[in-house]
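First comes the structure, then the notes that go with it.
Protein chains: 2
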Amino acid sequence: MKKLRRSGRLVDMTNYLLQHPHSLISLTYFSERYQSAKSSISEDLAIIKDIFESQKIGSLLTVAGASGGVKYIPVVNEEEAKGNIEALCKQLADQERLLPGGYLYMMDIIGNPHLMNQVGRLFAAMFSNKKVDVVMTVATKGIPLAYAVGTYLDVPVRIVRRDHQVTEGSIVSINYVSGSTKRMQTMSLAKRSLQPGSNVLIIDDFMKAGGTIRGMMDLLEEFQANVAGIGVLVEAEDVEERLVDEFISITKLSEVDVKEKKIKVETGNFFEKLAEMTEVKQ
Amino acid sequence: MKKLRRSGRLVDMTNYLLQHPHSLISLTYFSERYQSAKSSISEDLAIIKDIFESQKIGSLLTVAGASGGVKYIPVVNEEEAKGNIEALCKQLADQERLLPGGYLYMMDIIGNPHLMNQVGRLFAAMFSNKKVDVVMTVATKGIPLAYAVGTYLDVPVRIVRRDHQVTEGSIVSINYVSGSTKRMQTMSLAKRSLQPGSNVLIIDDFMKAGGTIRGMMDLLEEFQANVAGIGVLVEAEDVEERLVDEFISITKLSEVDVKEKKIKVETGNFFEKLAEMTEVKQ
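As you go down the protein sequences, you meet chains Y and X in turn.
Going by numbering that gives the first Met the number 0, the first residue of the first sequence is number 0, and it counts up by one from there.
Going by numbering that gives the first Met the number 0, the first residue of the second sequence is number 0, and it counts up by one from there.
Put into structure tokens, the structure is as follows:
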């Protein structure tokens, strides 16, 4: 790579850091990449840190010492997040998405990669100080959000299947009762895909009674893995008995009236949970 | 937002552009964002363009006129891509992933968001000059790659289901014959999720005879939509009769010997197809 001036280095380093969230990058790496002195690289990083933090792009942690370097951690830009979530609530409340049986058409939202990345970034930022080794979701609609979270946390994703037809070697299956329909169902995960002791962040698109998520928690127990947290895109409020206590929701479906064709959606508990987690940190 | 100096603007603009591939961003937007003259913004963009292009991050198109602005288009860094694909081939050839029946365990690869984003970027870069309105895949394992492609092309993703149990309103279903097992199967897509005339890039993780992809092509016909292209992560070579002629593959499984526990993997036709497409452009 040819020698770059400061302006060029700033552009290239910004790209490099954004492509490698949560990775420790040594000063030596950048110094060799740009054929520049470490002192110049340190000055570049100070500029990037200043902008990343003032613009709420993320924080830039400096790790001192021989094996030291710099690490980019995505953060929550609360103001931007509020705007995005409010826009999402409005979009969800569109009566056109109401389907027979009170289901909501969601593919326009879940099928929007930009939106999924925005929301995934929020969960990743929230869990950036927690130990998360793996993001887990269940097929099908939770997958896009789970990958967005995995991208920003730089951890692998595991997909639980709702059947036995898994061509992935020996599998662990459990039965669970879907909370809303009360039907007995099966979910499976390939045995070799999760190490015992892993800390797992469970992500899904929708939670009503929480039967599916409860199922994933039971499955994690079979793997002797731990629940690091639970995050859902949409929480349905109108539930007799919830099977999951502790979770984070981006939006809350507070009313679905099929007859009147009315959907009421509000912001979930995300910001309350964010405040709690920030308090604990201080 | 407070007034930023050039160094700060370069960092923030780089982030902004990377977050908005294929979006036209007006000079006015940046000029207001940084309270800076358009002439300064133009100079900033010239620096970013120079680095994006020399580092093969992407090209920066300038659109002149009143409604003009700048657009970031991801490109293929061939050298980097070759290294990444070779590493992937090596990873795929690991005999530990061989399962009974000649299946391969793939969740470690498909479950790696960073890798999926790398490969998705390749497909997106390759199709950046073609008209793609939607990326389509079939549940489950093609979803991560499809979203990576959708992210870099900034287009929505649609997920075809292998069952009728779709709670998404009225659906269009077709029967198709899985090429390798010769079994009759069903795939469905919500009717409202795809507009007639859409140009659809089909993405999947694995193609053997191509029955599933043929099925998706037939489904597109029902929607009066067009196939813009077909991309797969792994192509299996040992096939009697292929049901799909024109496709792009990242890797090619040229031999799976269950008895000898041997897997042979080579680079797919990606670079040949890339050369063809580049020729046509010139």
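We put the beta carbon where it would ideally sit given N, CA and C, even for glycine.
Since we're looking at a predicted model, the values are computed, not measured.
Using the Cα positions of Y:Y28 and X:F122, report the straight-line distance between them to the nearest angstrom. Whole-angstrom Cα-Cα distance: 28 angstroms.
Just the C-alpha distance for Y:G110 and Y:E31, rounded to the nearest angstrom, thanks. Each residue's Cα considered, the two are about 41 angstroms apart.
Can you pull the chain X residues whose beta carbon is under 7 angstroms from the beta carbon of Y:G196, in chain order? Within chain X, no C-beta atom comes nearer than 7 angstroms to that of Y:G196; the closest sits roughly 18 angstroms away.
Check whether the Cβ atoms of Y:Y71 and Y:L87 sit closer than 8 angstroms, and answer yes or no. Taking 8 angstroms as the cut-off, the Cβ atoms of Y:Y71 and Y:L87 do not count as close.
Could you tell me whether the Cβ of Y:H21 comes closer than 8 angstroms to any Cβ of chain X? Chain X, which has no Cβ nearer than 8 angstroms to the Cβ of Y:H21, makes this no.
I'd like to know whether the C-beta of X:M186 is nearer than 8 angstroms to at least one C-beta of chain Y. Not an interface residue.
Identify the contact partners of Y:N111 in chain X, using a Cβ-Cβ distance below 9 angstroms as the criterion. Those are G149, P155, V156, listed as they occur along chain X.
Extent of the continuous beta strand (DSSP E) run through Y:E234: It spans 225–235 - the beta strand (DSSP E) in which Y:E234 sits, taken as one unbroken run.
Assign Y:G149 to buried or exposed, taking buried as 16 or more other Cβ atoms, counted over all protein chains shown, within 10 Å of its Cβ. Looking at its Cβ environment, which holds 16 or more other Cβ atoms inside 10 Å, Y:G149 is buried.
Does the distance from the C-beta atom of X:S253 to that of X:V264 stay below 8 angstroms? Contact flag set, yes.
Span of the alpha helix (DSSP H) around X:V199: Per DSSP, X:V199 is not a residue of any alpha helix (DSSP H); the beta strand (DSSP E) it occupies stretches across 198–206.
Step through the CB atoms of chain X and report whether any lies within less than 8 angstroms of the CB of Y:Y146. Cβ-Cβ to chain X under 8 angstroms: yes for Y:Y146.
Taking X:G101 and X:V255 to be in contact with their CB atoms under 8 angstroms, please state how far apart those CB atoms are, rounded to whole angstroms. The pair is a contact, with the Cβ atoms about 5 angstroms apart (cut-off 8 angstroms).
Same chain, Cβ closer than 8 angstroms to X:L9, five either side skipped, listed in chain order: For X:L9, where only same-chain residues beyond five positions count, the Cβ hits under 8 angstroms are D43, I46, I47.
Beta-carbon of Y:D203 versus every beta-carbon of chain X: anything under 8 angstroms? Taking 8 angstroms as the threshold, the shortest C-beta distance from Y:D203 to chain X does not fall below it.
Just the C-alpha distance for Y:H19 and X:S197, rounded to the nearest angstrom, thanks. For the pair Y:H19 and X:S197, the Cα-to-Cα distance works out to about 34 angstroms.
Can you grab the Cα-Cα spacing for the pair X:I247 / X:E77, in whole Å? Our two residues, X:I247 and X:E77, have alpha carbons roughly 15 angstroms apart in a direct line.
Pair every Cβ in the segment 186–205 of chain Y with every Cβ in the segment 122–136 of chain Y, then say whether three or more of these pairs are closer than 8 angstroms. Counting Cβ pairs under 8 angstroms, three or more are found: they touch.
Any beta carbon from chain Y within less than 8 angstroms of X:A92's own beta carbon? No, no contact with chain Y.
Kindly indicate if chain Y contains any beta-carbon less than 8 angstroms away from that of X:I72. At a cut-off of 8 angstroms between beta-carbon atoms, X:I72 makes no contact with chain Y.
Own chain residues within Cβ distance below 6 angstroms of Y:T266, not counting five before or after: If we look at Y:T266 and ignore the five residues flanking it on each side, its Cβ neighbours are I84.
Of all the CB atoms in chain Y, is at least one closer than 8 angstroms to the CB of X:S41? By this cut-off, X:S41 is not an interface position.
Taking all protein chains shown into account, do 16 or more other C-beta atoms lie within 10 angstroms of the C-beta of X:E234, making it buried, or fewer, making it exposed? In summary, X:E234 is buried, with 16 or more beta-carbon neighbours lying within 10 Å of its beta-carbon over all protein chains present.
Delimiting residues of the alpha helix (DSSP H) encompassing Y:L114: Residues 112–125.
Is it the case that the Cβ atoms of X:L242 and X:I173 are separated by a distance below 8 angstroms? Contact: no.
Starting from the N-terminal side, write out each stretch of the beta strand (DSSP E) that is 3 residues or longer and does not extend beyond the segment 34–87 of chain X. Correct list: 57–62, 68–73.
Which residue from X:V75, X:A36, X:K55 puts its Cα closest to that of X:T277? Of X:V75, X:A36, X:K55, the residue nearest in Cα terms is X:V75.
Between which residues of its own chain and X:S177 is the CB-CB distance below 6 angstroms, once the five residues before and five after are set aside? Counting only Cβ-Cβ distances below 6 angstroms, and skipping sequence neighbours, we find Q184, G210.
Buried or exposed: Y:P195, going by 16 or more other Cβ atoms within 10 Å of its Cβ? Burial state of Y:P195 is exposed, judged by a 10 Å Cβ sphere holding fewer than 16 other Cβ atoms.
Taking X:E265 as part of the beta strand (DSSP E), name the residues at either end of that continuous run. Counted as a single uninterrupted DSSP element, the beta strand (DSSP E) harbouring X:E265 occupies residues 261–266.
Between Y:V118, Y:A224, Y:S53, which has its C-alpha nearest Y:G82's C-alpha? Nearest of Y:V118, Y:A224, Y:S53 to Y:G82, Cα basis: Y:V118.
According to DSSP, X:A189 sits in a beta bridge with which residue or residues? The partner list for X:A189 (beta bridge, DSSP) reads X:I170.
X:P99 classed as buried or exposed, judged by whether at least 16 other C-beta atoms fall within 10 angstroms: That one is exposed.
Would you kindly work out how many angstroms separate the C-alpha atoms of X:S38 and X:L26, rounded to a whole number? Distance between the alpha carbons of X:S38 and X:L26 is about 9 angstroms.
Run through chain Y and tell me which residues come within less than 8 angstroms of X:R5, C-beta to C-beta. Contact note: X:R5 reaches chain Y through S6, using a C-beta cutoff of 8 angstroms and chain order.
Span separating the alpha-carbon of Y:Q223 from that of Y:L23: Distance between the alpha carbons of Y:Q223 and Y:L23: 29 angstroms.
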